[in-house]
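> Per this note's numbering, the very first residue in the sequence shown carries number 3; after that it's consecutive.
Beta carbons: idealized from backbone N, C-alpha and C, even for Gly.
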Amino acid sequence: MHLVYGVTSKSGRRTRQVYEERYPGIKCSHVCIAICANVVHCATTYTIGRKGQTWAVNVKENVLQYIEDNPNTSPRAQKFGICQTAMWWILHEQGVYPYHLKRMQLLPPYIAVIQHL
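1. Mind checking whether residue 61 and residue 84 have CB atoms under 8 Å apart?
2. Reducing DSSP to helix, strand and coil, say where residue 25 ends up.
3. Quick one, which of 96, 10 and 20 has its alpha-carbon nearest residue 63's?
4. Can you tell me the Cα-Cα spacing of residue 69 and residue 94, whole angstroms?
5. Can you tell me whether residue 92 is buried or exposed, with buried defined as 16 or more other CB within 10 angstroms of its CB?
6. Could you please give the first and the last residue of the uninterrupted alpha helix (DSSP H) stretch that includes residue 92?
7. At least one CB of chain B closer than 8 Å to the CB of residue 10: is that the case?
8. Alpha carbon to alpha carbon, how far is residue 86 from residue 66?
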């Protein structure tokens, strides 16, 4: 998968087509999952390295802004053109855990303080 990804100029759809042509017995459900799982380039907008992640600023800002604007919704990686694993890496890197949202966090700050007293 790595070699095919490099040969196809890092095009996910083309990689999947070429991979299935070369290796007809092996099926890959989603090329981005296979690439992310093996820690290589997952898309042209960001790179993944062993010493830490380096993200394109616009992708990172868009993800964080989306979570800030919509704290109740589950993050959707497809909106940003990245794989789900990368989406969670960005959120964890910033210390954002949207699945730990509690009713207390949804209250306006002044009501939350009153209820804490």
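This is what the structure holds:
1. yes
2. coil
3. 96
4. 12 Å
5. buried
6. 86-95
7. Absent from the structure is chain B; it holds one protein chain and no more.
8. 14 Å
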